[in-house]
Every structure is written in C-alpha cells, then in structure tokens.
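J.: The sequence shown begins at 335 in this note's numbering and counts up by one.
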Amino acid sequence: MTGFPDYPFTSRWFAHPRRDGLRQHYLDEGAGQPVLFLHGNPSWSYLWRRPILALRDEFRCVAPDHIGMGLSDKPGAGRYPYDLAARVDDLDALTDHLVGDAGAPEQGWTLVLHDWGGPIGMAWACRHPDRVARLVLLNTAAFPNPHGERVRPLLRLPYRVLRDTRLGTRLFLRHNLFARGATWRPLGVRRRMPAPVRSAFLAPYDRPEHRVAIQRFVQDIPLRPGDPSWRLLQATGASLGQFADRPTLIAWGTDDPVFDRAVLDEWRRRFPAARIRVYPGAGHYLLEDAHADLVPAIRSFLLAL
C-alpha cells in the first residue's frame, strides 16, 4: 500500500524474535532527540504524519504500528496474545533494537501518546523511567477509568457486542464498523475528513482477517478486577507520580465521547504542573480536527526545553 496523502516516509520493519518473526512496521525519520509516537485503536502511524513532518528536521521521530495494525503483520488470534502486556513487550523489544542496533540514545525520549498509546507507552515508561524526558498526552489515559466500571456511552454497545455475541464478529470484522465509525462525524472527528485521508486511515483494514486487532483492542479494555489487563493498567496508574516532574503537554479535544473531561481532570490531578491546551469542538482524532494549532504547539513545546 502506497500513496497515502502526506505520508512520504520510509517504511521500516522489525522482526520480533520472540513472536516467531512477526514483523512490526515503524517509521524512523530525522535525527536528534528521539520522539516516540504511539497510536491507539483503530488508527495507525498515519495519524502522526503531520507532527513527524513538522519535527523531523530537529528530532528523531519513531512511530510504530502495533502488531495487527497499520502496515505491521496481522496474525490470527491464535498466533498473538493481543493484550496490553504483549503490546508493552513489543515496544520494549523495538526500542531495545533502536538503542542497541540503530544508534538511538538510551535517554532523552519524548513520548507522544494517543488513545491506547497511553497505557502502552506509560507502562513501558514505568519499566524505563530514566529514558523518559518529556510527555505529550492527547486524549488518552494510563489509569483505571475515572467513571468506574461503566463503559462510556459511545463504547457501551460495541463493548458488549464484541465481548458477548457473535454479532461482534459480523459487524466489526466483516463490516469494519468500528474503524469506519472512527472516521465519521461526530464519532471520531468533528470536521469532515477528506475522502483520501479517510481512505488512508481505513486502508490497512481492507478485509476481515486484517481487522482482528481492532476487535481485540476493544475486548481488552480493562474496566474491573479480573479483566486480563486490569493489573497492568492499575499498576501503571499507581506509578505515574514518578513522572510528575517531567515537562508535560496535555492537549485535549473536548468533544471526545470516550476520553472526556473527567479523564482530562484526572491527568490534571496527577500532573499539576503540566501545560494544558484545550480544543473545544475537536473530537477524538484531535490531530485531524485541530492540527493547525496543535502541531505548532507540540513543536514549540519540544524546542523550548
């Protein structure tokens, strides 16, 4: 797959030795202090195209696609765990490769996190706190849901359908409803996506067997003790205080129906010194709705430190 709008990057792949050689696609653009971009579900590294283009003249920009997502290999459910711990292990292996074999520094990493990138990135950061220099948090979380065990209204039906009925396989694998919905107003964006951009977001998920990770990410949402990823999420949230002294930029689209103001308030409580930029009228994909202001803000934040 080629020709994605504003994605003029060199594709790279890392073969995971502990995953039977499964290949993880990633971008590694520019030179300088490393900036690690971690996407969520159902996006991929295409989400980061504008920040990478704006930063690669000064920074080394690394943006992996999680296994099963984007241009990475898409194994069946029996070949890959598809849980939070596996994602963190994958990130560990990739960054160790970059540090050990590709000249990346051990320290001075900036994490830029969106959606599931928050739990994955911050759980990784808890393993390597000395590596992390700065944080940029975009409509994400890395702690238990401040609403408790209740799924937010937008996810309530998909969550139940995916977990409990065969209808989930039909809607989310056969018809790609979750990924398509994320590109529509008002579910994922508030401004209409241009058709070529929407096609680029959906391109990696072109047939049912390429959509397993989308389904499994929703199934893995940890809401209560006993959920497979609950302990790791809870431990990550309990350890976030060690990063409260890191320079942090929090940018938030206020029209996100899942990562709402209660999640933003929880970040404020945990990181009281963080710089906050709020974008009224921007949705979950705030880099699509608010990029004209947000991308320069990220660049200014990184260059000022």
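Ideal Cβ positions, reconstructed from N, Cα and C, are used throughout, including at glycine. In this text, all values refer to a predicted model and were calculated from it rather than measured experimentally.
Quick one: using the 10 Å Cβ neighbour count with 16 as the cut-off for buried, is Q367 buried or exposed?
T.: Result: buried.
J.: Can you tell me whether DSSP reads I329 as helix, strand or coil?
T.: With the chain running from 335 to 639 in the structure shown, residue 329 is simply not present.
J.: Can you tell me whether H373 is helix, strand or coil according to DSSP?
T.: If DSSP states are grouped into helix, strand and coil, H373 belongs with coil.
J.: Given F605, which residues of its chain have a CB within under 6 Å of its CB, disregarding the five upstream and five downstream residues?
T.: Cβ within range, chain order: A578, T582.
J.: Just to confirm my understanding: we take R390, look at its own chain, exclude 5 residues before and 5 after, and list those with CB closer than 7 Å. What are they?
T.: The answer, listed in chain order, is E363, G364.
J.: Thinking C-alpha only, which one of L445, A411, I454, F506 is nearest V470?
T.: If we check each option's Cα against that of V470, L445 comes out closest.
J.: Return the residue from the list W443, L472, H509 that minimises the CA-CA distance to A459.
T.: Closest option to A459, Cα to Cα, is W443.
J.: Please determine, among M403, A476, F371, the residue with the shortest C-alpha to C-alpha distance to R550.
T.: Looking at the Cα atoms, M403 is the closest of the given residues.
J.: Looking at the unbroken alpha helix (DSSP H) that takes in Q553, where does it start and where does it end?
T.: Here the alpha helix (DSSP H) through Q553 covers 546 to 553.
J.: Where do the ends of the beta strand (DSSP E) carrying F348 lie?
T.: 346 to 349 is the span of the beta strand (DSSP E), which, as asked, contains F348.
J.: How many angstroms separate the CA atom of M335 from the CA atom of F477?
T.: Low confidence applies here, because M335 scores a pLDDT of 46, under 50, leaving its location unreliable; read the following figure in that light. Each residue's Cα considered, the two are about 35 Å apart.
J.: Starting from P453 and walking both ways along the beta strand (DSSP E), at which residues does that stretch end?
T.: Unbroken run through P453 is the alpha helix (DSSP H), 451 to 461; no beta strand (DSSP E).
J.: Keeping to the same chain, check which residues put their C-beta closer than 8 Å to that of A607; ignore five residues upstream and five downstream.
T.: Excluding sequence neighbours, A607 sits near A578, D579, T582.
J.: Answer with buried or exposed for L501, where buried requires no fewer than 16 other C-beta atoms within 10 angstroms of its C-beta.
T.: That one is exposed.
J.: What are the boundary residues of the alpha helix (DSSP H) that W564 is part of?
T.: Element bounds for W564: 564 to 572.
J.: Have a look at L636 and V369 and give me their C-alpha separation to the nearest angstrom.
T.: So the two alpha carbons sit approximately 9 Å from each other.
J.: Do you know how far the Cα of E622 is from the Cα of L511?
T.: Cα-Cα distance, rounded: 20 Å.
J.: Would you list the residues sitting across from E363 in a DSSP beta bridge?
T.: In the DSSP output, where bridge partners are listed per residue, E363 has C395.
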